[in-house]
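In this note's numbering, the protein residues as written are 414 to 527. Quick reminder that beta carbons are idealized off the backbone N, C-alpha and C, glycines included.
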Amino acid sequence: IFLSRHKYVVEILERAHMANCNPSPAPVDTKSKMGDDGYPVSDSTLYQSLANADWAGCPTTRRSTSGYYVFLGNNLLSWSSKRQLALSRSSAKVEYRGVANVVAESCWLRNLLR
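Structure representation (structure tokens):
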């Protein structure tokens, strides 16, 4: 799962007066794909989850809609598209809620398929 919000991060750094600080590398290897058993995943394209959300997409209620797809190979295992119950004040919160839904579904499917 990857979230990229460059402007949001820059604003946080500016509020903390850290915009001119040097970046630090990640303390873990971000390139390798490992399975639950600690061995490399043979084909990482086998497992895919996609999530997306719009911010205040409903013109009447200003509520956001989030959705996701979970694939195993080329087969669609699960999908969802729902209007979020809570109003969000930022697009980052909307995306976070959408990603949280797909993570929960992916964990449930992983346990089901074991």
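Rounded C-beta distance between residue i and residue j? I'm assuming under 8 Å.
| i | j | result |
| --- | --- | --- |
| residue 492 | residue 482 | 5 Å |
| residue 421 | residue 505 | 5 Å |
| residue 479 | residue 507 | 7 Å |
| residue 490 | residue 522 | 6 Å |
| residue 475 | residue 496 | Contact flag wrong, Cβ pair sits at about 11 Å. |
In the DSSP assignment, what are the bridge partners of residue i?
| i | result |
| --- | --- |
| residue 467 | 478 |
Take the Cβ of residue i as the centre, count every other Cβ of all protein chains shown within 10 Å, and call the residue buried at 16 or more, exposed below.
| i | result |
| --- | --- |
| residue 573 | The displayed coordinates of the chain run from 414 to 527. Any statement about residue 573 would go beyond what the structure contains. |
| residue 432 | exposed |
| residue 466 | buried |
| residue 427 | exposed |
| residue 464 | buried |
| residue 518 | buried |
| residue 494 | exposed |
| residue 437 | exposed |
Within the continuous beta strand (DSSP E) that includes residue i, where are the two ends?
| i | result |
| --- | --- |
| residue 490 | 488-496 |
In terms of residue numbering, what span does the alpha helix (DSSP H) encompassing residue i cover?
| i | result |
| --- | --- |
| residue 499 | Element bounds for residue 499: n/a, residue is neither H nor E. |
| residue 526 | 504-526 |
| residue 419 | 419-428 |
Chain C beta carbons: is any one of them nearer than 9 Å to that of residue i?
| i | result |
| --- | --- |
| residue 462 | Among the chains in the structure shown there is no chain C, since it carries only a single protein chain. |
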